[in-house]
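Participant: Chains as they are written, first to last, in my numbering: chain A, 1146 to 1507; chain B, 1146 to 1507.
Just so it is clear, CB atoms sit at the ideal spot from N, CA and C, and this is done for glycine as well.
2 protein chains.
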Amino acid sequence: MNDDEILSERKHEILLNAVEEYIQCASPITSSNVRSKGFTDLSTATLRNELNALEAMGYLRQLHTSSGRVPTAKGYRYYVNAIMCDVPLEKSILDEIHAIFENRAVYLDDVVNEIADVVSKATNYPTVVMLKGFEKLQIKNVKIIPLMTGQALILIETNSGIINNLMPIKPNIPNQTYVDASNFLTSTFENKTVADMIKNIEGYRVQMGQELVEFKGIFDTMIQSLKSLSDTIAQKGGVTARGELRLLNSPEYQDLEKAKKVIDVLTNPSEIEQIFEDDMDTDSEVSFKIGSEIPVVDLQDCAIARADYQVDGESIASIGIIGPQRMDYAKIASALKFVVGEFENLKQLDNAKEGDGDNEQK
Amino acid sequence: MNDDEILSERKHEILLNAVEEYIQCASPITSSNVRSKGFTDLSTATLRNELNALEAMGYLRQLHTSSGRVPTAKGYRYYVNAIMCDVPLEKSILDEIHAIFENRAVYLDDVVNEIADVVSKATNYPTVVMLKGFEKLQIKNVKIIPLMTGQALILIETNSGIINNLMPIKPNIPNQTYVDASNFLTSTFENKTVADMIKNIEGYRVQMGQELVEFKGIFDTMIQSLKSLSDTIAQKGGVTARGELRLLNSPEYQDLEKAKKVIDVLTNPSEIEQIFEDDMDTDSEVSFKIGSEIPVVDLQDCAIARADYQVDGESIASIGIIGPQRMDYAKIASALKFVVGEFENLKQLDNAKEGDGDNEQK
DNA sequence: GTTAGCACTCTCTCGTGTTGACTGCTAAAA
DNA sequence: TTTTAGCAGTCAACACGAGAGAGTGCTAAC
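(1) Taking Cβ-Cβ distances below 7 angstroms as the criterion, which residues of the stretch 1269–1292 of chain A are in contact with chain B?
(2) Taking the beta strand (DSSP E) that G1220 of chain B falls in, what are its first and last residues?
(3) Do the stretch 1420–1440 of chain B and the stretch 1215–1230 of chain B make contact, defined as three or more Cβ pairs closer than 8 angstroms?
(4) Threshold first: 3 residues or longer. Then list the beta strand (DSSP E) segments lying entirely within the stretch 1360–1408 of chain A, N to C.
(5) Determine whether the beta carbon atoms of I1420 of chain B and I1439 of chain B lie at a separation below 9 angstroms.
(6) Under 8 angstroms, CB to CB, which of the residues in the stretch 1361–1390 of chain A have a partner in chain B?
(7) Using the beta-carbon count (16 or more within 10 Å), is R1155 of chain B buried or exposed?
(8) For L1444 of chain A, which residues in the same chain have their Cβ closer than 8 angstroms to its Cβ, ignoring the five residues on either side in sequence?
(9) Taking Cβ positions only, does E1416 of chain B come closer than 9 angstroms to chain A?
(10) For chain B, is any of its Cβ atoms less than 9 angstroms away from the one on F1488 of chain A?
(11) Going by DSSP, name the residue or residues bridged to C1447 of chain B.
(12) Under 9 angstroms between beta-carbons, which chain A residues line up against E1302 of chain B? List them in chain order, please.
(13) Given a cut-off of 9 angstroms, decide if I1417 of chain B and V1384 of chain B are closer than it, judged by their beta-carbon atoms.
(14) When the Cα atoms are used, what is the spatial distance from L1152 of chain A to A1198 of chain A?
(15) Please compile the residues from chain B whose C-beta is within a distance smaller than 7 angstroms of the C-beta of L1401 of chain A.
(16) Output the boundary residues of the alpha helix (DSSP H) element that contains P1414 of chain A.
(17) Grouping DSSP H, G and I as helix and E and B as strand, with all else coil, what is D1453 of chain A?
(18) Given that I1522 of chain A touches chain B, what residues does it touch there, using C-beta distances under 8 angstroms?
(19) Cβ closer than 8 angstroms: which chain A residues qualify as neighbours of K1405 of chain B?
(20) I need the straight-line Cα distance from K1482 of chain B to M1472 of chain B, nearest angstrom please.
(21) Mind checking whether I1238 of chain A and V1263 of chain A have CB atoms under 9 angstroms apart?
(22) Only counting the same chain, and skipping five residues up and downstream in sequence, which positions put a Cβ closer than 6 angstroms to that of N1336 of chain B?
(23) Determine, using beta carbons only, whether T1412 of chain B comes closer than 9 angstroms to chain A.
(24) Any idea what DSSP makes of M1425 of chain B, helix, strand or coil?
(25) For E1532 of chain A, which of helix, strand or coil comes out of DSSP?
(26) Verify the CB distance criterion: does I1299 of chain A have a CB-CB separation below 9 angstroms to chain B?
(27) Grab the span of the beta strand (DSSP E) containing A1297 of chain A for me, first residue to last.
(28) Start and end of the beta strand (DSSP E) containing Q1169 of chain B?
(29) Can you round the beta-carbon distance between Q1296 of chain B and M1275 of chain B to whole angstroms, since I take them to be within the 8 angstroms contact cut?
(30) Does DSSP classify K1507 of chain B as helix, strand or coil?
(31) Are the stretch 1158–1169 of chain B and the stretch 1453–1469 of chain B touching, with three or more C-beta to C-beta distances below 8 angstroms?
(32) Spatial neighbours of L1330 of chain A within its chain, please: CB distance less than 6 angstroms, with the 5 preceding and 5 following residues excluded, ordered by chain position.
(33) With a threshold of 7 angstroms on Cβ separation, who are the neighbours of R1206 of chain A within its own chain once the five nearest residues in sequence on each side are excluded?
(34) How would you label S1194 of chain B, buried or exposed, when you count the other beta carbons within 10 angstroms and need 16 or more for buried?
(35) Taking the C-alpha atoms as reference points, what is the distance between A1261 of chain A and D1424 of chain A?
This is the structure in C-alpha cells:
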C-alpha cells in the first residue's frame, strides 16, 4: 500500500515491537517500554528520538503530550503487511472447527451459523458470515419431500452442505410423482450449479415430453421458491453475526455508547453487506481493512479481517472478524486460514468421492 | 405468597402507582412524584407518611436518607399479583409472532430460536427458550432419507414442528428399504409420542416378521441417534438465549460489570437450566420470579417471567424473559400469553386436521 | 387525619491542587 | 554524527472540599 517510505532496520524493529506490545497490553507504548522489550543496549532518550521520528512519519501518534504512543491505522497496516506468519491455534479450537466440517451433512445455513460461532469463539471477537452465492454450489442430489402441512421440503445436497427450503404444494399429487421429479432433477443437473438449474429448468419445461408434463406444476413452484430464497439471501438473509458481546471484552469498548454503535452495525444486515461490498484482493487468503479503509462510518476505529471461500474464483461465502484496530492480527489470520483450508479440503474430498455412491431414489 | 398483611385501599393505590411509575421512569419515587400522578388532593407530607409506612412494611426502600424510594422485591411481587391484566401488544409484533406459527413447517429447533428472537424483540429483554420434552410430541409422520454423505436424515413430523437429526448408515442398502422402514414407522407410531417410539421399537424388533428383519440395522442406529439427540437436549442442547444485548438498554445495566455477570449466566446452558428447574405453578399461564426467588446467585437483582407450553400437563418448552426487577411486567405477561396461545391454537388445528391427509410414501 | 414549615441528609457537580508518568529539548559525551 | 544524561514542561488521574439541590423526617398547628 504505502510503501513509498523505507524504514531503517532499527525503526522497522522498533515499530513492529511497539505495535505487538500495544496489541498485547492495550496501553500506550513508552520509550522505557520499548527499551525493556529488546532494546536494552539503547537509552530511552535514543528510543524517544526514534519514536518521535516514527510519529512524524505517521506510524504512531500520541494521545496527548507526555503520553506514550499508540499505532495509527498506517502503523497497524505496516505491521500487518510485515508480519503475516502463522501463529499456532489452540488445539481445542482447531478440533472444534474441524468437527463442524466433519459432521457437515447439515443445512447450509446451520453451517454458516456454526462457523460464525466457532470463529468468534476462537478469536474472541464478533464474527460475521455472509453467504452470497449459494447458486454457484454444485448439485449432488435433489429431493422433493412432501410434508403433511401442505408444503414440501426441497433438499438440495451440494458440495458444501444441504440447501433446504419449503414450497407450497397442491393436494392429491401421488408421492411417486415427487420421487420421479426428484430423480429427474438429480440426473439432469448433477454436478451443475443451482443457478444452472434455475435457469435451464424453464427450457426443459418447453420441450417436455409426455412423461415430464406432470412435473410442470411442481417445477414451477419449486423454481419460484428457490428464486425467492436466492433473493432473500441476496438481499439480507445470508448474513449472520455471532459473538457480538465479545466486543465488550476489549478495553477500547468499555464505553457502552461506543460499543453500541458497533454492535448496531453488526445487527444490521445491510450494513454488514457494505463491509463485503467490494471483492477481496485475490492474491492473499486473508485481507484486512483497518480504520478508514472500512466503508462504514461507525466502524472507523475498528479493523476487519476477512477471508472468502471461493469456488472457481467466485466467492461463495465471506467471513469477517470485527474488532478494535488493536486486534491480534496474527492469531486471526491463522484462524481464518484454517477455516478456509477446511473448506478447501471439503471440495477436494467431494471431487475424489464423485460417482461412488448410488443414492438415486427408487 | 406473602398476603398476610392487608393494605388499606389508599396504600394499595399508592403502591401500585409508585411501582408503575418506577417501571416507566427508572428514577426513585418521591412524594411529590406520587402526588402529581393522581393524588393531587393530598399533600406531599401525607404521602410521605404513607410512603414511610409502606417502607416499614417492606414494600419500598430508600437508597439513602433523603432519596426517593424504589420498590423492593416484595413490592414488585405485590404489584405483579395485583396487576395481571393484559396490555395490548403492538400489532406488528403480534403479526410477527403469528407468522412464525403460520410457517411452522420448519425444524423444531429453528422454531425455538425464532420464538426466542421474536419474544426478545417484542419485550426488549433477553429471552431464553428451553426445549425439555420433545419426546412427548405426537408423531404425525416419519421419514428416513439417505444422503450422499453416508448419513441419513431422520425427519419426524410432529404436532409442533419437525424434529430432524442425522444418523450414520451402511452403504448398499436400497432406497426402497428406507421408504418401507419409514412407512412402517409412520403407520405404527402415528399419533403416538416420540418416547413411545423409542421405547416400543425394541419390542417390535423382537417379534419382527420376515419383512421387518431387514429394517433391524436401520432401527438400531435410528433409536441410538434419537436417544443421543434426546440426551443432548436433556443435558444442554435444548437451551437458546437470544437478545442478550438488550439487557444493555436498561439503565440498571449500564454498568458493564453487572451486565456481564447476567450475560454470562445467559450464555451458560447449565445455569439457564437452573432457572427452569422447578415446575411452574400450573394455575397461571405466566409466572414470575423476582429477586431472591430466583435460584441463581448472579441473578438476584433480576426478575424472570416464564411461560410453559404444555402437552397433557407436561411442559414441552419453557420461555423465560430476563430483565431487571424493574421490568414491564404487564407487557411481558401479555406477550407470553400470546405466544402460548399460539401454541395452543396449533394443537387444536392439528387435532381438527387429523387424518385428512394421505401422505404415505409409495 | 392532614398539612405547613423547617432542619437535616446525602448525592451530584464543579473547581482546585497534587502526584506521577512521559515527553521534548539541550548540551555534553562517545 | 550518534547517543546519552539531565531537566523542564505537559497532561491524565485522583483526591478533596465547597455549594447546590432534591427530598426526607419531624414537629406543631389545623
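Facilitator: Inspection of the coordinates gives the following:
(1) K1285, N1286, K1288, I1290, P1291, L1292
(2) Unbroken run through G1220 of chain B is the alpha helix (DSSP H), 1218–1227; no beta strand (DSSP E).
(3) yes
(4) For the stretch 1360–1408 of chain A, whole beta strand (DSSP E) runs of length 3 or above, ordered along the chain, are 1384–1387.
(5) yes
(6) E1389, L1390
(7) In this structure R1155 of chain B is exposed. Its beta-carbon is surrounded by fewer than 16 other beta-carbon atoms within 10 angstroms.
(8) V1407, V1410, I1420, I1467
(9) no
(10) no
(11) B:P1469
(12) L1292, M1293, T1294
(13) yes
(14) 10 angstroms
(15) Chain B residues near L1401 of chain A: L1393, Q1399, L1401.
(16) 1414–1420
(17) strand
(18) What the structure shows of chain A is the stretch from 1146 to 1507, and residue 1522 of chain A is not part of that stretch, so it cannot be assessed.
(19) At a C-beta separation below 8 angstroms, K1405 of chain B has these neighbours in chain A: L1393.
(20) 16 angstroms
(21) yes
(22) Q1283
(23) yes
(24) M1425 of chain B falls in the coil class under three-state DSSP.
(25) As shown, chain A starts at 1146 and ends at 1507. That puts residue 1532 of chain A outside it, with no answer to give.
(26) no
(27) Note, A1297 of chain A: beta strand (DSSP E), 1296–1303.
(28) Segment 1154–1170 is the alpha helix (DSSP H) holding Q1169 of chain B; no beta strand (DSSP E) there.
(29) Rounded, the Cβ-Cβ distance is 27 angstroms, inconsistent with contact.
(30) Note that K1507 of chain B has pLDDT 37, beneath the 50 cutoff, so the model's placement of it is unreliable and no number is given.
(31) no
(32) V1287
(33) E1200, R1214, V1215, T1217
(34) Reading off the sequence, residue 1194 of chain B comes out as Asn, not Ser. When all chains shown are included, N1194 of chain B counts as exposed.
(35) Between A1261 of chain A and D1424 of chain A, the alpha-carbon positions lie close to 20 angstroms from each other.
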